[in-house]
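**Student:** Residue numbers (the working numbering): -16 to 312. Could you have a look at this structure, given as structure tokens, before my questions?
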């Protein structure tokens, strides 16, 4: 049995140049799995693609590859609905002074988790006991404060059952598991019957992804000229979108509009979040260019997509009501 367990960081992958969403996809490909398992999602969630609304970045890259490679994907968490219990638990506590005090007691745990998720990591880091200890301490702290149950989203119980299901299979497999549930899953897997990510040399696709991720986080401290040069080397529809964002931020709306004119007349379906963001921004730029009819068509197209990021949807709805203004960039 060859099982590779890969922790995923959800939206935090964008902060890790050496462990971005494409890195996860490259690790999966290199293992040449016969099947991919999702430990932190249930079958209904996979069918509904609910991971998109959670901005689970790695799945935007892994799942299209699996489909093209004809590799089956199965969600193993039969009790995934219990994950919501943790969020509801915190909301309930936050409504009362004593509950707020209880949440303050675990603030140090949240800060340690934030440090772990926001500090750049490599795949092999997640096989190190020092990092696993931070995750274990996070869980132990919550269990000591509130007990195992709603406060933790019943993670330990859910991962135990996922491990039991994994023990029934054979062949080369990859298991993707949310980083918070990663150490709990490992506790229930038999030693010697799984492997963790090891030393990994970044591929060119990963390097390109790191450039795109940097562009999505554009800040005034970045060297925008160098970033534009790097995006030209990356090429592709997402690079065009990111370049347009830089031009718009620099006050060069006409240059941004020219790039998006080029983009919307090409194939820009992947990643799956790109069409919504592209059309929403294109509508705004059309408004800036005084082309209201074109802007309205773009906003309508956003709302006609089968799925669109919430931010892009809100942009389109607002744009339908009021033409976009420069001070709203």
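Ideal Cβ positions, reconstructed from N, Cα and C, are used throughout, including at glycine.
#1: Nearer than 6 Å: is that true of the beta carbon of residue 112 relative to any heavy atom of the ligand MG?
#2: DSSP state of residue -10, grouped into three classes?
#3: May I have the straight-line CA-CA distance separating residue 72 from residue 50, to the nearest angstrom?
#4: Just verifying my parser: in three-state terms, what is the DSSP assignment at residue 164?
#5: Identify the continuous beta strand (DSSP E) that holds residue 229 and give its terminal residues.
#6: Does residue 125 pass the burial test, meaning 16 or more other C-beta atoms within 10 Å, or should it be called exposed?
#7: Inspect the CB distances between the region 91 to 103 and the region -11 to -2 and report whether three or more fall short of 8 Å.
#8: What number of angstroms, rounded off, separates the C-alpha of residue 251 from the C-alpha of residue 245?
#9: Go ahead and pull the three-state DSSP assignment for residue 172.
#10: Excluding the five sequence neighbours on either side, which residues of its own chain have a C-beta within less than 7 Å of the C-beta of residue 211, listed in chain order?
#11: Quick one: what's residue 251 bridged to in DSSP?
#12: Check residue 312 in the structure and name its three-state DSSP category.
#13: Do residue 22 and residue 223 have their C-beta atoms closer together than 7 Å?
#14: Do residue 171 and residue 146 have their C-beta atoms within less than 7 Å of each other?
#15: How is the beta strand (DSSP E) around residue 57 delimited, first residue to last?
#16: Quick check on DSSP: helix, strand or coil for residue 155?
#17: Enumerate in chain order the residues of its own chain whose CB-to-CB distance from residue 298 is below 6 Å, with the five nearest sequence positions on each side excluded.
#18: Taking Cβ to Cβ, would you say residue 42 is nearer than 7 Å to residue 34?
#19: When you compare only the Cα positions, how much space is there between residue 6 and residue 81?
#20: Whose CA, out of 208, 65, 233 and 8, lies closest to the CA of residue 142?
#21: Would DSSP call residue 178 helix, strand or coil?
#22: Please determine, among 286, 163 and 173, the residue with the shortest C-alpha to C-alpha distance to residue 151.
#23: Quick check on the DSSP output: what are the complete alpha helix (DSSP H) runs of length 4 or more inside the region 17 to 54, in order along the chain?
#24: Given a threshold of 16 other Cβ atoms within 10 Å of its Cβ, counted over all protein chains shown, does residue 309 qualify as buried or as exposed?
#25: Report the partner residues of residue -15 according to the DSSP bridge assignment.
#26: Since residue 142 is in the alpha helix (DSSP H), which residue starts that stretch and which ends it?
**Tutor:** Considering the structure as presented:
#1: The ligand MG is not part of the structure shown, which contains no ligands of any sort.
#2: Here residue -10 sits in strand by DSSP.
#3: 37 Å
#4: coil
#5: Note, residue 229: premise wrong, no beta strand (DSSP E); alpha helix (DSSP H) at 220 to 232.
#6: buried
#7: yes
#8: 10 Å
#9: coil
#10: 226 and 229
#11: Per DSSP, none; premise fails for residue 251.
#12: In this prediction, residue 312 scores a pLDDT of 49, lower than 50, which makes its location untrustworthy; no coordinate-derived value is stated.
#13: no
#14: yes
#15: 55 to 58 is the span of the beta strand (DSSP E), which, as asked, contains residue 57.
#16: Here DSSP, grouped into helix, strand and coil, assigns residue 155 to strand.
#17: So the qualifying residues of the chain are 263.
#18: It is a contact, given that the beta carbons lie within the stated cut-off.
#19: 43 Å
#20: When 208, 65, 233 and 8 are compared, the shortest CA-CA separation from residue 142 is found for 65.
#21: strand
#22: 173
#23: 26 to 31 and 42 to 51
#24: Exposed: under 16 other Cβ atoms inside 10 Å.
#25: Paired residue(s): 155.
#26: Its alpha helix (DSSP H) spans residues 138 to 149.
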